[in-house]
Amino acid sequence: MINKENNSSVLIVLLPLLFVALLFEIIHLPGVIADNRPDLITLIIIYFSMNGKLKMSLEVSWFVGIILDLITGSPLGVHAFSIILQVYIISSQFVFAKYKIYQQILIVGIVNLFANSIGYWLEHIIGQSYYEVNFLLPAVVTAAVWPLVVVLCQILCSTFSVATSDKDNND
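Using the numbering used here, the letters of the sequence shown correspond one by one to residues 1 to 171.
This is the structure:
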């Protein structure tokens, strides 16, 4: 049975979060911060897919990635592939909500590093990348931001009464 209240409350929380994350991707920041900004869009989609709140997480990942490609002017499909790869690996290979937070940080960092490497490789094949790309620091920053995203999303989900399938197993 489909619970329409749960689906609408997920959208009430998810859409503004994705909009704010898209804004953070396109705002102008100083060079050091801009080169090492966390992948907030992926973290938000991972959070909602790991708790079973987002049923079509791969479709949402692809759509948001295409929008990010169009907004940033990168080759079409590179961000979409990177986001969908991370969400697919984490949602299919791990029972992610069962892990402790430090284990989740490690998994998010490794998967993000892997997806960024694949994305860089794709951009290099297309001819759009430079050889001075740093992979390690953005993955570390993304992993370090994961607990903040979890806390923020838990607060918003409890505020807007979004039901979870796994009740707070990530502590």
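Using N, Cα and C, we set each Cβ at its ideal position, and we do this for glycine too. Everything numeric in this text was worked out from a predicted model, so none of it was measured.
Its Cα nearest to that of S74, the residue G127 stands out among I89, P147, F94, G127. Straight-line measurement puts the Cα of H28 at about 30 Å from the Cα of I89.
No Cβ-Cβ contact shorter than 7 Å links T142 with D35. Straight across, the Cα-Cα distance linking V32 with P147 is about 22 Å. Counting every other CB atom within 10 Å of its CB across the protein chains shown gives M56 a total below 16, marking it as exposed.
Excluding sequence positions up to five before and after V111, its CB lies within less than 7 Å of the CB of Q86, I89, I90, all in the same chain and listed in chain order. In the DSSP assignment, Y120 falls within the alpha helix (DSSP H) that extends over 101-126. Between the C-alpha atoms of S161 and S9 there is a straight-line separation of about 7 Å.
Annotated three-state conformation of P147 is helix, per DSSP.
Annotation: S161 is outside any alpha helix (DSSP H) and is labelled neither H nor E by DSSP.
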